[in-house]
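First residue of the sequence shown? That's 85 in the numbering used here, and the numbers climb one at a time after it. Read through the structure below, which is laid out as structure tokens, and then see the notes.
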Amino acid sequence: MTKPRQIEVFNSFKRNAKKHFEHLISAEWAEVITCLVNRVALPEKYKDHQLTGNLKAFRDCHIKNDLVLLYKISEDDERLELHYLDTHSEIFKNAGAK
């Protein structure tokens, strides 16, 4: 059995998570995190994909309609890094500015 990934939560994620707390107790959120931690591909409905350009180090998945998670998997595949959770427009306004 494969060892689950450790979760690393960044301050940028924590700030936005407060704003979207009700989504963090949803079945969708639980499914996404469970899949990512356990190295299971996300169901297609979450539209998981690698980003390009300045954000090419990140992956993006849609938790609900316009609620997007930006995350990374560490190079050694041992950590799930949670970076941003917000609306599509807010994420790319804030994350893209880095």
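In this text, a Cβ means the ideal position worked out from N, Cα and C, and glycines have one as well.
Taking the beta strand (DSSP E) that residue i belongs to, which residues open and close that run?
i: residue 157; result: 151-157
i: residue 185; result: Past the boundaries of the shown model lies residue 185; the chain is included only from 85 to 182, so the question cannot be answered.
i: residue 129; result: Run containing residue 129: none; DSSP gives neither H nor E here.
Are there 16 or more other CB atoms within 10 angstroms of the CB of residue i, so buried, or fewer, so exposed?
i: residue 123; result: exposed
i: residue 181; result: Only weak support exists for where residue 181 lies, its pLDDT of 48 falling under 50; the coordinates are left without a value.
i: residue 116; result: buried
What are the residues that DSSP puts in a beta bridge with residue i?
i: residue 99; result: Answer by DSSP bridge pairing: none, since residue 99 is not bridged.
i: residue 165; result: 92 and 156
i: residue 107; result: Looking at the DSSP assignment, residue 107 forms no beta bridge with any residue, so it has no partner.
Output yes or no for whether 8 Å exceeds the beta carbon distance between residue i and residue j.
i: residue 132; j: residue 152; result: no
i: residue 176; j: residue 155; result: no
i: residue 164; j: residue 91; result: yes
i: residue 87; j: residue 112; result: no
i: residue 89; j: residue 159; result: no
Determine the extent of the alpha helix (DSSP H) in which residue i is found, giving its start and end residues.
i: residue 118; result: 111-121
Less than 7 Å separating the Cβ of residue i from some heavy atom of the ligand GTP?
i: residue 147; result: Inclusion of the ligand GTP in the displayed structure is not the case, the ligand content being empty and no account of it being possible.
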